[in-house]
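One structure is given here, and the rest of the page talks about it.
Residue numbers (my numbering): 11 to 760.
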């Protein structure tokens, strides 16, 4: 790549910030839904540019965004009396002792995985060389193309990108932030300014940097604790502030001759989360206040950015909606009406209430809307149905709908970042866990799909994709996506790695991962169980697996694993289960109810103590997440129901699978104290059972906790992630090797 490096005079940022991995934040707010909360509705306020409150009104309940997995931030210690103080000191001492004990235990056992971890790391690094440079999403702005790679932001002319002639506008490493990663970037309409979001590895907080573009890019401003931001005009930026995992205030800052910053909107209902978005034609900036069940949108006219925001439709309990704009009409993606799935509707800007909403297009049953993009004469919907991906192209000129089925191997879309409103082509990437991203384009003029020519990757992708349906306890059919090497024989003897999540209406992550491809090459079978509670089959699929329906997700997982074994995909002694964050609820619950189905489990930052977390309403996100898990303090039936499946609450002396847990000291969503308690209780139960049974060949599971000083719930550096994944795979390989050893030698495994 030929890089033209201009002289860059950048001011020093605020000291003490620690940043980590590259991460692309994508607008993905279509998965929010849940049951209503019983909390009394407070008020929200709109402020004028002088900061004075202009209007007030009562508002109903609300939600969180999908990426905010769950509320488990470490609680603050309050000391109302000496007795409480002594209790606090005792608890802190116990915590430190447990932490030291687990760290020593890890140091003792890690040596057994060292050689295999090294081998796995070397192979993953080799695969990464070929897949890392496949291209990142790009922002096309007239003849200019902006894109980010490896902590740098580049600028190129549209025809020069592939030739490697690019200018570097910003580099985290060259300016003292070698561990920084770029979460978001937005360019002002006249390309005078660029707003860049940087995020820290060890904190949920992000920082917004304003860069003045030109031959000598200059740092114009640094705004701390910012989540989302959008340019209303070329010199007016709106942004949301983030505090304690919440975004409830919107500010406006100007870069005119008279620079100033004003609070323009505040949300006082703790169940609502505020973010910003610009309509594709840049006519309006939308202030979106979302709960899992309810949405409300305010419009900022980008032609008059200092005027008060205008309300589209007052929040109505149970109605979610999002806004786009075209030809002086609002296009509304909403759950309004029956059935309560997403529909595309429209209304005049001047009269935008629900009484004027007209149906444009309704989705088919059990279809998941992944994303929607609005263009001048077309609208493209990215859809999932029964595991298959589709494009639905709506023409506003011919009033027709064309449905295009995408390649069978594809599992995920990644749209080009913020494509231009007037473009004649929509660019996107398709990927799967074992297939590197591949570029495609849809031409509106030619009315067809184009597979883009890309550099060949010297990786053999000799695998087969199978889609199954497992019948759950209540006869519901649950989708499973299976990958395996086409050359594999006797699949019942092959190791199987099962993936599950099942919460917040979020799909299982099925983007490409080097380690998944490596496992396929080594003969593993990979299975992704799309259980209820996730969003793979639309909003109702989530609703059927949240609150008082959580056990349905557990039944679904059990049915999926049993079907895989019945069809000859491995067998229990060669089966492993993996889950992260809220997926730990179902994985941990299965270990309690059906431990015989799996031999080993890998959990990453797992949510394993639902009951105690949901009883601590002072935690930042607990109130919002009552819509996902219920409110055990207000409802005794809810308390009993949560207790019936909560992993920590249901540990008992029995033969457990081996478990490897990775946790983070700085995780704000999953307190390390809860994970420590879970591991201690699980290990004690497993040893208790082993002491009761003295049969020849009795097996004692390995219960391992790997505590990482770096990293957080959502982000880790490439190096930390590589080490973590290598340890997970080394653990799984060792556990299955021990199965084979036990089978042939009839001895106890350590």
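Note that CB positions come from ideal geometry on N, CA and C, so glycine has one too.
Cα-Cα separation between residue i and residue j, rounded to whole angstroms
i	j	result
residue 579	residue 134	25 Å
residue 608	residue 109	28 Å
residue 571	residue 333	40 Å
residue 680	residue 455	50 Å
residue 358	residue 339	5 Å
residue 613	residue 281	28 Å
residue 167	residue 179	14 Å
residue 452	residue 666	50 Å
residue 686	residue 629	19 Å
residue 354	residue 136	45 Å
residue 200	residue 165	15 Å
residue 655	residue 596	8 Å
residue 520	residue 443	5 Å
residue 81	residue 639	Unreliable positioning characterises residue 81 in this predicted model, as indicated by a pLDDT of 27, which lies under 50. The coordinate reading is nonetheless provided below. Whole-angstrom Cα-Cα distance: 11 Å.
residue 717	residue 101	19 Å
residue 670	residue 414	42 Å
residue 733	residue 218	30 Å
residue 266	residue 742	58 Å
residue 103	residue 683	12 Å
residue 32	residue 698	Only weak support exists for where residue 32 lies, its pLDDT of 27 falling under 50; the value from the coordinates is given anyway. When rounded, the distance between both Cα atoms is 45 Å.
residue 543	residue 557	9 Å
residue 568	residue 486	13 Å
residue 678	residue 723	7 Å
residue 259	residue 330	20 Å
residue 615	residue 501	31 Å
residue 533	residue 495	6 Å
residue 488	residue 573	11 Å
residue 35	residue 216	The pLDDT assigned to residue 35 is 32, lower than 50, so where the model puts this residue is not dependable; a value taken from the coordinates is nonetheless given after this. About 12 Å.
residue 756	residue 747	Below a pLDDT of 50, predicted positions are generally treated as unreliable, and residue 756, at 40, falls in that range; the measurement from the model is reported next regardless. Rounded to whole angstroms, residue 756 to residue 747 spans 13 Å at the Cα level.
residue 431	residue 106	55 Å
residue 412	residue 125	54 Å
residue 148	residue 158	8 Å
residue 731	residue 545	26 Å
residue 611	residue 491	19 Å
residue 156	residue 220	16 Å
residue 474	residue 619	37 Å
Residues bridged to residue i (per DSSP)
i	result
residue 610	586, 668
residue 358	339
residue 156	149, 165
residue 391	382, 402
residue 716	672
residue 369	355
residue 259	251, 276
Cβ separation of residue i and residue j, assumed to be a contact under 8 Å, to the nearest whole Å
i	j	result
residue 270	residue 264	6 Å
residue 191	residue 209	6 Å
residue 565	residue 482	5 Å
residue 789	residue 203	Residue 789 lies beyond the residue range present for the chain, which begins at 11 and ends at 760; the question has no answer from this structure.
residue 695	residue 710	Their Cβ separation, rounded to whole angstroms, is 12 Å, which puts residue 695 and residue 710 out of contact at 8 Å.
residue 286	residue 240	5 Å
residue 307	residue 298	5 Å
residue 246	residue 315	4 Å
residue 715	residue 735	Not a contact, Cβ separation roughly 17 Å.
residue 123	residue 693	Residue 123 to residue 693, Cβ: 18 Å. No contact.
residue 674	residue 593	Going by Cβ atoms, the distance from residue 674 to residue 593 rounds to 16 Å, so no, they are not a contact pair.
residue 605	residue 664	6 Å
In chain order, each beta strand (DSSP E) run of at least 3 residues that lies wholly inside the segment 402-458: Taking 3 residues as the minimum length, the beta strand (DSSP E) runs contained wholly in the segment 402-458 are 411-415, 422-425, 435-442, 445-453, in order along the chain.
Contact the segment 361-369 vs the segment 323-340: 3+ CB pairs below 8 Å: Yes, the segment 361-369 touches the segment 323-340.
Every unbroken beta strand (DSSP E) inside the segment 188-239 [3 residues or more]: Counting only unbroken stretches of 3 or more residues, the beta strand (DSSP E) elements lying wholly within the segment 188-239 are 191-197, 203-209, 216-222, 228-234, in sequence order.
Segment contact flag, the segment 512-523 with the segment 548-560, C-beta cutoff 8 Å, min 3 pairs: Look at the beta carbons and you see the segment 512-523 touching the segment 548-560: at least three pairs across the two are nearer than 8 Å.
Inside the segment 273-353 only - beta strand (DSSP E) runs reaching at least 3 residues: DSSP runs (the beta strand (DSSP E)) wholly in the segment 273-353: 283-288, 294-300, 305-311, 331-336, 339-344.
4 or more residues per run - each alpha helix (DSSP H) lying fully within the segment 471-535: Taking only runs of at least 4 residues, the alpha helix (DSSP H) segments lying wholly in the segment 471-535 are 524-531.
Three-pair Cβ contact test at 8 Å for the segment 433-447 versus the segment 382-402: Taking 8 Å as the limit for Cβ pairs, the verdict is that the segment 382-402 does touch the segment 433-447.
Completely contained beta strand (DSSP E) runs for the segment 591-670, where each covers 3 or more residues: Here the runs fully enclosed are 610-614.
Unbroken stretches of the alpha helix (DSSP H), 4 residues or longer, contained in the segment 530-581: Fully enclosed alpha helix (DSSP H) runs of 4 or longer: 549-553, 560-576.
The segment 487-507 / the segment 572-592 touching (three or more Cβ pairs under 8 Å): Counting C-beta pairs with one atom in each stretch, the segment 487-507 and the segment 572-592 have three or more that are closer than 8 Å, which means they touch.
Whole alpha helix (DSSP H) elements within the segment 104-144, 4-residue minimum: Within the segment 104-144, the complete alpha helix (DSSP H) runs of at least 4 residues are 124-141.
Cβ contact (3+ pairs, closer than 8 Å) linking the segment 390-400 and the segment 364-381: Enough Cβ pairs lie closer than 8 Å, so yes.
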